[in-house]
Each structure stands twice: as structure tokens, then as C-alpha cells.
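For the record, the sequence lines run as chains V and C. Here numbering that gives the first Met the number 0 is used: the first residue of the first sequence is 0, the next is one more, and so on. Here numbering that gives the first Met the number 0 is used: the first residue of the second sequence is 0, the next is one more, and so on. So the structure is just underneath, and the comments pick up after that.
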Amino acid sequence: MARYILGVDVGSTHTDAVIVDDNGNFIGGAKTITTPDVTTGIINSMKLILEKSKVNRDEIAAVSFGTTHIINAIVQRRNLGRVGVIRIGAPATRSVDPGMDWPDDLRKTVIAGYTILRGGHEYTGEHIVELDREGVIKALNTFKEMKVDAIAVTSVFSIVNPEHELFVQEKAREIMPETPIVLSCEIGSVGLLERENATILNAAVLKVMQRAIKALENALQDLNLGHAKMFFAQNDGTVAAKEYIAKYPIFTVVAPISNSIRGAYVLTKISDAIVVDTGGTTSNIGVLRKGYPREALEIEIAGVRTNIRSPDVVAVGLAGGSIVKVYGENVVIGPESVGYKLVEDGIAWGGDILTATDIALAKGVMTIDDPRCKPELARQKIDPKLVEKTYEKMVKMLEDSIDKVKTSPEPETVILVGGGSAMWPRKLAGAKEVIRPEYAQYANAVGAATALIGASVEKAFSYEAISREKAISIVVDEAKKRAIEAGANPSTLDVAEVEEIAMPYLPGNAVKIRVKVIGKLKL
Amino acid sequence: MILTTQDVRDMALGAAILGAGGGGDPYIGMLMAIQAIEKGKKVELIEPDVVDDNDFIVPVAMMGTPTVLIEKIPGGDEVIWVLRSIEKYYGKEANYVTQIEAGGVNSMIPIVAAAYTGKPLLNGDGMGRAFPELQMVTFHLIGVKATPMVLSDERGNSVVLDTIDNFWAEKIARAITIKFGGSAYIAIYAMSGRDYRRGVVRGTPTLALELGRTIREAKKRGVNIFDAILDIVKGFMIFRGKIVDVARFNLGGFARGEVTIEGFDEFKNSKMVIRFQNENLVAIKDGEIIATTPDIISILDIETAKPITTERLRYGLRVTVIGIPCDEKWRSEEGIKTVGPRYFGYDVDYIPIEMRIKRV
């Protein structure tokens, strides 16, 4: 019996679904319109691909979702949980309270209350001061009375020594066993406020993720896919099982961006390149390194600074639906977009809004497989001089963005993916070759469908207290444990990356070690 | 004047420009100052002219590693302890606090100190910019000693150092900072009002404030952001272009390196190389030196004018480079010896930027 994987990716304009076989071969793809609730669009796309592909549903072993449930909930402040925040670090850290630099409305929605307790560690792993154990118990009882939805705990240098966060977890399980608790040492990196922010946000979206999982489980049942295992795409271009993502939903917050980059690799087998993902509203330009998205060390989520790892991309408001405005001699392209209404409002569809796609159609660089689309309308209605000028400017904007993600002037391979990618030329400044692979419009969903399980762990050590080999093996073991928890088949685990960063100006050879482990899905 | 939280945000942005690429990210310090003001503490900024000869002036700052500062954020009481200790050692009460360094994170710490202790903050500092070493202070030029100095931690430990010279002060202070866990609050170069008035670089806090406010408002007012900045600091736009190379080498604990910028617009077909060591130190255009330390060389984002610190320089950034004349005090023989290009290992004479620009 063949085994297939269904992948779904939610974009700002379209939700795409694909089916691949277990060797990663493309079987079929479908595009639907993204819906405000996200879930309906996902269900529509799955229905469509199941009808189109005629794959036997019993043979679909897994479904993998790259979704915007989490980022939407945070941006729209919808259905967010109320979080009891415990920080351990007093007498240090009291000069900047938890949530202080958040947008006011988000802070009021999410942070039910906070306390800063005595404890935490130095970079050496020694105590700053003894942990205020009674304070922990008192705080948990207060949060229990307040009926908070979740607890978020952040202790100073917990990535060197998580002891105090683990104590809070142990007590929380006694005092309020029903309430989930999130530890910062499992979420972020060095940088107390950014790690604490990510931990609180993770706690706030636990319920959102639970609901999404429940709704998608029901949808799979209805589609006779109840037997399929469910995975979610993560920010780093890997996936994890639903049970794992239910605990760490923040790891999915920008996953769709990584899906496209990863998908570009799967479709081309080129492991190092620049990826341009052009949708309806935005082009995201990212970098493939060894088959995975190059990562940024920090990301701002809805105005909140965090240090969760995320794809390092330049986003530019220049895509298929971008509106073109003419002011005398000056032409402005985007960032406004007609989005999915391109097929009603675009000139080539008989509408009266000039878009980037119309320019590309008039220029004759692309064709669109849609009987309603009439390129001749674009050619007749748009002044050829305007076409030339605008297209030249669009290409220049893209080339500048490509240059911004580079780390050197060396020309690189550029891979074009996404629904709007057909509008680009096959020659670009700074590119040694420009490739638009077959199924480029489905790269994002392909990325979700073909991704491997991944887990990363970061810890800090002093090489005076522990040998380098021992320190690395501790982190590797923990990353492997988490990869298995995330749904990897233990016999397939592979250490994809070991990163050592010296912490400057500190004695005792203080280093951060980060390990990423990859494995195949356990089906 | 009484500082508002918006003033503090503006000052942090301006301080990053005066930091000349170094001085550390003022972000945490800015949040500390804002929280203090939000909780009802008052920060009064006062002109140095009001200082009496016999007043006791205490500059405060932080020392330590950036990694520790962003993880073990200060508690807030350190500023009270550090002042109390130095007052006890000298046997007199501090009348004012002040900045030792106008650029980077240390521009913010004295605001926090003023907020928590109720002492007014003086409108001046000891550099007019950022520098990496303890003796690189205008007060040093007039013979003020760095010690007796005090170091305090968040637990309430305080150490008084009374050393034979600044070299020993630096050496012992570093060791204590490590024992504190990698960071410490310090009170240093404590001095009389008379010395302060002689040694101070005047008006830097309000200069930073004005810079930050101008950048924030320029967009709204539709004025050219860089013209507005240069007008305020009486500086020069020395280059515009794209970063095409960043080379870094770690030498003697300092982050040294060199950034190459390829020009565009009026600088098309030109190249600028800027050498840095924590701060930007020498700017060379097509082989000719355009600016050197102690004049301030700042690299700003070409659109937003946000300053880019040396650790964040990377290929592809579009930048405008500006040069700002340093305070006259640095242009003395002793000043050039202390912070001129030769001190940092560049075998060139210091010539004030306005003279170099004229000659080009």
C-alpha cells in the first residue's frame, strides 16, 4: 500500500494543499481562498485536493499544516488566554517589569498578574540568591484563585541552570494540576525580556492551538482521514506532532514563511540559494542554507520583542496583486494589494485596478492558466511606455531586496516560488541563475508536506566546569529526547547542527551551545 | 526641565548616534528609566552653570558584559547603594548625578539613578560620545582621578576602590565585576563642582534628546531627516552607499574590524572604508582620510536614520555616514594623546573633521 502525505499551507491570500508520496514526489495541488477563521480555508483546500487527486484516503498516512492560527490570534488579540507570570531573579531584574514594553492592549489582554521572586542563577550556574520557595507557593495559590489560563515562568540564566523553573513546575502540578505551565528554558535563548515575552505569548496561545487542533481533528474525521497523523510546521522549516505543538504553539508563529523556503529546496534539490516567495500581497525573500532557512536570532511578534529562532527574511509589499499607481512621471507599486480580488479587479480580468500582474501580462513575460484572464485587455489598455517603466521598477525593487538578504556580493542561485512568482524575469542582477521549478506555486504546501521532524535545544556552559565533549553530548541528548517527543522515529535521528558561541568578556570559557536534531516522521 | 518617558525614548535614540557605533544598545537602560518615571519618580535635568564650587558631583554608570546585562537585568536599588557608599566614603552628600558617557547604554543609567535617588541630573557628560576605556574621560584631562570609586551589585554588596592609578582601577574593577556575576553599577570620577564645570562636555543629554525627537518627527514634518540631524550636531554627511564587506577580527578583547561601503548618488564610483574597535574610529574615502577619532563617525540607516552599531554592520545595508566634530576638550594635546588615532594604533595625525572636509 502506498503512503501519502497531505500538506496544507495558509498564506495571506490563498490556502494551498498538496499531496506527495512518501518519496516526496508531487501528486497534485489545489488552491483556495484563505478565510478569516483560517480553519474553513484549510478544510476547503483539503476537500479540493482530495477530489482532484483521487488518492485513496486510507493511504494518506499524515497531514501536515503550516498555519497562521497563532499569529492571527496574537495580532487580532482574539481568544488569548490570561497568563499568570512568574519571574525569578529578584533582587535583580526588578527595574523592568514583565510586559512593560508590550502594546498596552495586548498586555492588558494577556497578563493577568505578575510577580518577581528572589532566586535565579549567575552565568556560572551559581545562585544569585536562594530561591523564595514560599513565594512560589503563594504566587501559585494567588493565580489559582484568579483562575488564570496558564502560568509562564522565567528564571534568570535558566538556560545555564533550569533548577528554579523546574521547582515552580513541580509545585504547580501539586497546587493547580489542571493549569498548563510554560518554562522559559524550553522556549528561548539568552536575553531575559525577549525569552520571557516568548514564554508568556506561548502560554497565551495554548488554548488557541488546542481549539485549532480539535477543529482540524474533526475535519479529518469528516473527510475520512481520522487515521492520519497530524503534524504542524515549525518556524525553522521542520514539523512536529500535534501533541508537541499543543505545548509549544509559539514555534508555529511564522512557519508558513519557512515552508516556502524549505519547499524551494524540495522542488529543486538545491540546498544553498536565495528563495523569492511571491504571493498576492507580499514577496518574502529568504535564504536556503544546507536545505534549511537561514535563521534570525530575534523576531518581533505583534510589537513584542522575542528571541525565538525564525526565518531571516526581507518582506517587500510587491506581489501579484500589488496595486500600481501613477503620479505624473512617478510610479508607485504596492504595498497596497487587491489580494484575492485580482480575478475581479485586475485589468486583465475586465476590472479597473492596475496591478503588478497586469503589467507582467502586458509585458508578455507570463501567462495565466485561467480562461477568465485576458492578457490582450492589459496590452490594449495600458500604455506600453508605462508597462516598460513599471516592470523595470518592479524588477529593480526585487533585485534590491535580494541584495539585502545576501551576505556577500557573490552571485547566487535564485529560486522563484509562490502563486505570483511567474511575473518575474529569468534574469536578475546578483543571480547566477534564476530557477522557477515545476509546481512553484505550491512550494509552501510542498514544504509542509515533506518536512522532517526537528527539535533544537540551547544551553550555556563554562568549559572550566565541564569538558567540551560532555557539554555537547548533554545538549545533543536533550535535543534527541525532544525530537522523539516531537514525533521523530528514534532510529532516524541525525544531528543537523551544533553551534557554539563564546560569550565575550566572561572568564571561564563561557559558551552557548545550540543543537538541532532532525528525524523522519514516525508514522 | 522634568523628563517625560517620550524624552527618554528620544534620548536613547540620540545617544545611539553619539555612541559612534559603540557604547552598547541603550534599550534595557531606556526601559529602566521609563519604568521609574511611569512609577511616579521624577527626573530633573539641570544646567551645569548652577553647580557651586563646593558641590559634590557623582557620575554613575554600569560596567560589565552585554550578555549579562540583557539576562540579569538590574534591580534598581544598586544606584541607591552605589551613591550611599561613595557619600559615606567621602563623608559628604552628593548634590547631583551625571553621565560619564553620552553614547550608548550608559547615557541611560544616570537617569535611572536620578529617578531613584531624587538627585537632579546635570546636562553634560565626560565624553560627548562613547569610548571603551576608563581613562577616556574629559575629567581625566584636567586631573580628576577615577578613584575612589564604588562598585555595587543587586544584592547590596558594595566595594570601594582607592587605587594608585587608573590602570589598577580598571584591573581590580574588572575582577570584582566578574565576582558580582558579570555586571556592576559604578560611581566613578566623583568630583567637586569646580572640577565638573571645568571638565564637563556641556549639553549632551539635551543634544541626544533633540536628535531623537528630530528623527521621530522628521517624517511627519516632511523635512529631510539628514539635513535636520546635521543642522543640530553641526556635522557633515561624509558618505552614502551600500555596505559591500565587513571584516572582523578579535584582538585583545576588543571587537575590531573594517567595513567597506560602495558609494551611490553623488558618491558613485567612490569607496569608503571605516575602521572600528567597538566604536568607529577612522573613515577613509578613496584612500584619503576624511575623519578620525575623537570626532564622531556614525553610520545611519539611509531611510530611517536609525544608527547601526558596529556589531550589527553587515553586507547589503544602505547607509549614510555622518561625521560630527568632537568637543574642543578632546582637541588639546593631552586629549589627542588619550583618544586620538595614534592611541588606537593608527599612525595618522588628528586633524579636525571640519578642516579635513574643507581640504577635500
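Beta carbons: idealized from backbone N, C-alpha and C, even for Gly.
- Cβ proximity to chain V below 8 Å picks out Val111 from the segment 95 to 123 of chain C.
- Here V:Thr305 really is in contact with V:Asn196; their C-beta atoms are around 5 Å apart, less than 8 Å.
- The C-alpha of V:Ala485 is placed about 16 Å away from the C-alpha of V:Glu457.
- Chain C places no beta carbon closer than 7 Å to that of V:Leu520, leaving this residue out of the contacts.
- Take the alpha-carbon of V:Val135 and the one of V:Trp423: they are about 58 Å apart.
- The DSSP-derived three-state label of V:Phe156 is coil.
- Annotated as distal: V:Ala16 and V:Lys51, with beta-carbon spacing of 7 Å or more.
- Under the 10 Å beta carbon count, V:Pro374 is surrounded by 16 or more other beta carbons and is classified as buried.
- Taking the C-beta atoms as reference points, C:Thr97 is found no nearer than 7 Å to C:Ile163.
- Under DSSP, C:Gln98 forms a beta bridge with C:Val59.
- Sequence-distant partners of C:Lys40 (beyond 5 residues in either direction) whose C-beta falls short of 7 Å from its own C-beta, in its chain, are Ala114 and Tyr115.
- Look at the beta carbons and you see the segment 64 to 75 of chain V touching the segment 245 to 256 of chain V: at least three pairs across the two are nearer than 8 Å.
- Cβ contact annotation for V:Gly518 (same chain, cutoff 7 Å, sequence separation greater than five): Leu451, Ile452, Ala482, Ala487, Asn488, Thr491, Leu492 and Asp493, in chain order.
- About 30 Å separates the Cβ atoms of V:Val7 and V:Arg81, ruling out a contact at the 8 Å cut-off.
- The segment 26 to 46 of chain C makes no contact with the segment 155 to 162 of chain C, as fewer than three CB pairs between them are under 8 Å.
- Note: V:Glu432 is bridge-paired with V:Thr412 in the DSSP secondary-structure output.
- As the crow flies, the alpha-carbon of V:Arg77 is around 38 Å from that of C:Gly315.
- With respect to V:Asn443, V:Ser259 sits close: the two C-beta atoms are nearer than 7 Å.
- Closest in alpha carbon position to V:Gly417, among V:Asp276, V:Phe460 and V:Gly345, is V:Asp276.
- Under the 10 Å beta carbon count, V:Gln379 is surrounded by fewer than 16 other beta carbons and is classified as exposed.
- In this structure, V:Ile180 and V:Ala171 form a Cβ contact; the two beta carbons are roughly 5 Å apart against a cut-off of 8 Å.
- When DSSP assignments are scanned along the segment 267 to 347 of chain V, the uninterrupted stretches of beta strand (DSSP E) that are 3 or more residues long and fall wholly within it turn out to be 272 to 277, 282 to 288, 298 to 300, 303 to 305, 313 to 315, 321 to 326 and 329 to 336.
- Check the Cα spacing between C:Thr259 and each of C:Gly240, C:Phe235, C:Phe248 and C:Lys218: the tightest is with C:Gly240.
- Within chain C, no C-beta atom comes nearer than 8 Å to that of V:Glu409; the closest sits roughly 10 Å away.
- In this model, C:Ala129 and C:Glu77 are separated by some 23 Å (Cα to Cα).
- The C-beta distance from C:Pro306 to C:Leu299 rounds to 5 Å, short enough to meet the 8 Å contact threshold.
- The distance from the Cβ of V:Leu385 to that of V:Gly349 is about 19 Å, inconsistent with a contact at the 8 Å cut-off.
- Within chain V, the C-beta atoms nearer than 9 Å to that of C:Pro73 come from Ala91, Thr92, Arg93, Ser94 and Val95, in chain order.
- Close to V:Phe156, with beta-carbon spacing below 8 Å, are these residues of chain C in chain order: Glu70 and Lys71.
- Bridge pairing for C:Arg255: C:Phe248 and C:Gln276 [DSSP].
- Per DSSP, the continuous beta strand (DSSP E) segment holding V:Val84 begins and ends at Val82 to Ala89.
- V:Ile414 and V:Pro292 have their alpha carbons spaced roughly 13 Å apart.
- Across the structure, C:Leu121 and C:Ile335 are spaced so that their CA atoms are roughly 26 Å apart.
- Note that the C-beta distance between V:Thr281 and V:Gly319 is not below 7 Å.
- Among the CB atoms of chain C, none fall inside 7 Å of the CB of V:Leu139.
- DSSP places V:Thr33 in no beta strand (DSSP E); its state is neither H nor E.
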